[in-house]
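Student:
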Amino acid sequence: MATIKSLNKWANAHTYYPLDLLRVALGVFLFMKGVDFMSNHQQMAEIIKPFQNLPGGMLIMHYVAPAHFVGGFLLVIGLLTRWAVFAQLPILIGAVLANFLGVMNTSNLVLATITLLVCIFFLFYGSGKHSADYYLKMQK
Numbered sequence: 001m002a003t004i005k006s007l008n009k010w011a012n013a014h015t016y017y018p019l020d021l022l023r024v025a026l027g028v029f030l031f032m033k034g035v036d037f038m039s040n041h042q043q044m045a046e047i048i049k050p051f052q053n054l055p056g057g058m059l060i061m062h063y064v065a066p067a068h069f070v071g072g073f074l075l076v077i078g079l080l081t082r083w084a085v086f087a088q089l090p091i092l093i094g095a096v097l098a099n100f101l102g103v104m105n106t107s108n109l110v111l112a113t114i115t116l117l118v119c120i121f122f123l124f125y126g127s128g129k130h131s132a133d134y135y136l137k138m139q140k
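For the sequence shown, the positions run 1 to 140 when the UniProt record's numbering is used.
1. Please classify HIS68 as buried or exposed, where buried requires at least 16 neighbouring CB atoms within 10 angstroms.
2. With GLY34 and GLY78 assumed to form a contact (beta carbons below 8 Å), what rounded beta-carbon distance in angstroms separates them?
3. Since ILE33 is in the alpha helix (DSSP H), which residue starts that stretch and which ends it?
4. State the Cα-Cα distance for the pair PRO50 and VAL85, rounded to the nearest angstrom.
5. Comparing alpha-carbon positions, which option in MET44, TYR16, SER39, GLY71 lies nearest CYS119?
6. Rounding to the nearest angstrom, what Cα-Cα distance links PHE73 and LEU101 in this structure?
7. In or out: ILE48 buried (at least 16 other Cβ within 10 Å) or exposed?
8. What are the start and end residues of each continuous alpha helix (DSSP H) run of 4 or more residues lying completely inside the stretch 98 to 126, in chain order?
9. Helix, strand or coil: how does DSSP classify PRO55 here?
10. From GLY57, VAL76, ALA45, HIS41, pick the residue whose C-alpha is nearest to that of GLY126; which is it?
11. With DSSP run on the structure shown, which of helix, strand or coil describes residue 143?
12. Nearest to TYR63 by CA position, among ASN53, LEU92, ARG82, is which residue?
13. Give every residue of the same chain whose Cβ lies closer than 6 Å to the Cβ of SER131, excluding the five residues on either side of it in the sequence, and list them in chain order.
14. In chain order, what residues of the same chain have a beta carbon less than 7 Å from the beta carbon of ASN105, not counting five sequence neighbours either side?
See below:
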């Protein structure tokens, strides 16, 4: 718990608007991917095809879209940022692996890798000073 508090103090002391803009952009991107996956089941099934034979393959399909949808919204407003990012990590690792297990799509691989790296950054950085987390913390 002390580690998280020290990370929050560091992040609040070193907050910048471009990082907040990056968090919001990541949230909007994940939200839109969630909406896209909800509206286009065929594309979702094609992406998850390499993982179909694994136990819980259908569970993966029902986890990805809502996790992107809700996690993206939480990232945009900066609420529970680390938890939202933590929920995205298995999906993004799977997205990177899907390119090696299935058909290699370079643009999807680059997009998934960049998104994974940005999510890992926000896992450590947190939501920053301009977020709902900081606002709620200051209300106490």
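For every residue, glycine included, the Cβ atom is placed at its ideal position computed from N, Cα and C.
Tutor: Inspection of the coordinates gives the following:
1. buried
2. Not confirmed; about 18 Å, so no contact.
3. Here residue 33 is Lys; the residue named in the question, Ile, does not match the sequence. Run containing LYS33: 17 to 39, per the alpha helix (DSSP H) assignment.
4. 24 Å
5. GLY71
6. 30 Å
7. buried
8. 106 to 125
9. coil
10. VAL76
11. For residue 143 there is no data in the structure shown, the boundaries of the chain being 1 and 140.
12. LEU92
13. GLY78
14. ASN99
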